[in-house]
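Structure first, then comments.
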Amino acid sequence: MITVDKLTYSYTKKPFIKEMSFTVSKGEIFGFLGPSGAGKSTLQKILIGMLPTYQGTAMVNGVECRKHTNSFYEQIGVDFEFSTMYEKLTAKENLTFFASLYKKQTLSINELLSAVGLQNDADKRVSEYSKGMKSRLNFVKALLHDPDVLFLDEPTSGLDPTNSRIMKDIILAQKEKGKTILIP
285 MITVDKLTYS YTKKPFIKEM SFTVSKGEIF GFLGPSGAGK STLQKILIGM
335 LPTYQGTAMV NGVECRKHTN SFYEQIGVDF EFSTMYEKLT AKENLTFFAS
385 LYKKQTLSIN ELLSAVGLQN DADKRVSEYS KGMKSRLNFV KALLHDPDVL
435 FLDEPTSGLD PTNSRIMKDI ILAQKEKGKT ILIP
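In terms of the working numbering, the sequence shown opens at residue 285 and continues consecutively.
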């Protein structure tokens, strides 16, 4: 599902990521540990096609990351560390909008919001959400189209222990469904 071989990436002349190699098989959870600034988020950006000027090999679902087409985004779900929602829209309006961008059938918005405990806040503007609520909503957006591969950047950041456990359980359930999960 994910193959990285001798991956090197530079923001300047000095390599930021240097000759990184690893493989993640279908149905695996693969996580990176490291301090802030170690390159974890940069790696995610390379793998989702946002940084195509790397050296080496970086492949997701058998396709080189710099050669992804629009259909690639039907196969992946991305949860960035920071909210990517429209603040003036409600949670339900945001998810309805993002669902409209996919060609394939999406999962039930109400069921997803319920799974992360946001069902009673579905009609609130995102601007009224706490950091933890926004984090859970971003996570739901990543799951919305039932992707094969999930990129989850700090999925439990800003969550209390109860909601953190709920998120971890959902991640494990996704793994059991055969999803490949990368947590940089």
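Yeah, the Cβ is synthetic: ideal placement off N, Cα and C, and Gly gets one too. In this text the structure is predicted, and so the values were computed from the model without any measurement.
Just verifying my parser: in three-state terms, what is the DSSP assignment at residue i?
i      : result
Tyr357 : helix
Val424 : helix
Leu402 : coil
Gly416 : helix
Leu466 : strand
Thr341 : strand
Glu312 : coil
Ser441 : coil
Leu436 : strand
Apply the 10 Å Cβ neighbour rule to residue i and answer buried if 16 or more other Cβ atoms are within range, or exposed otherwise.
i      : result
Tyr295 : exposed
Asp363 : buried
Lys329 : buried
Pro445 : exposed
Lys351 : exposed
Among the options, which has the Cα closest to the Cα of residue i?
i      : options                           : result
Tyr293 : Pro319, Gly315 and Thr341         : Thr341
Pro299 : Glu312, Ile455 and Thr337         : Thr337
Tyr413 : Leu428, Ile455, Ile454 and Thr368 : Thr368
Lys297 : Phe316, Ser309 and Gln339         : Gln339
His429 : Val347, His352 and Lys388         : Lys388
Ser355 : Glu312, Leu379 and Tyr386         : Tyr386
Lys415 : Lys302, Gly442, Ile454 and Ser448 : Gly442
Met451 : Cys349, Phe316, Glu438 and Asn404 : Glu438
Glu348 : Ile455, Gln359, Gln328 and Val288 : Val288
Phe366 : Leu327, Leu335, Ile301 and Thr440 : Thr440
Val433 : Pro445, Glu460 and Asp444         : Glu460
Gln458 : Arg449, Thr380 and Gly311         : Gly311
Pro431 : Tyr357, Met304 and Phe381         : Tyr357
Can you tell me the Cβ-Cβ gap for residue i and residue j, rounded? I've got them flagged as a contact below 8 Å.
i      : j      : result
Ile465 : Leu436 : 6 Å
Leu426 : Gly361 : Here residue 426 is Ala; the residue named in the question, Leu, does not match the sequence. Rounded, the Cβ-Cβ distance is 4 Å, consistent with contact.
Ser309 : Met285 : 6 Å
Tyr324 : Pro468 : For the sequence presented, residue 324 should be read as Lys rather than Tyr. Yes, they are in contact, since the Cβ atoms of Lys324 and Pro468 sit about 4 Å apart, within 8 Å.
Ala399 : Thr390 : No, Ala399 and Thr390 are not in contact; Cβ-Cβ is about 14 Å, not under 8 Å.
Asn378 : Gln359 : At roughly 21 Å, the Cβ-Cβ gap does not stay under 8 Å, so Asn378 and Gln359 are not in contact.
Leu327 : Ile301 : 6 Å
Ile313 : Ile455 : 7 Å
Between which residues of its own chain and residue i is the CB-CB distance below 8 Å, once the five residues before and five after are set aside?
i      : result
Leu402 : Ala375, Met417, Arg420, Leu421 and Val424
Met343 : Ile286, Thr287, Val288 and Cys349
Nearer than 7 Å: is that true of the beta carbon of residue i relative to any heavy atom of the ligand MG?
i      : result
Lys459 : Summarising the ligand content, the structure contains no ligands, and the ligand MG is consequently not present.
Identify, in the order they occur along the chain, each residue of the same chain with its Cβ nearer than 7 Å to the Cβ of residue i, setting aside the five sequence neighbours on each side.
i      : result
Lys372 : Arg409 and Ser411
Leu397 : Ala375, Gln403, Ala406 and Val424
Asn447 : Gly401, Gly416 and Arg420
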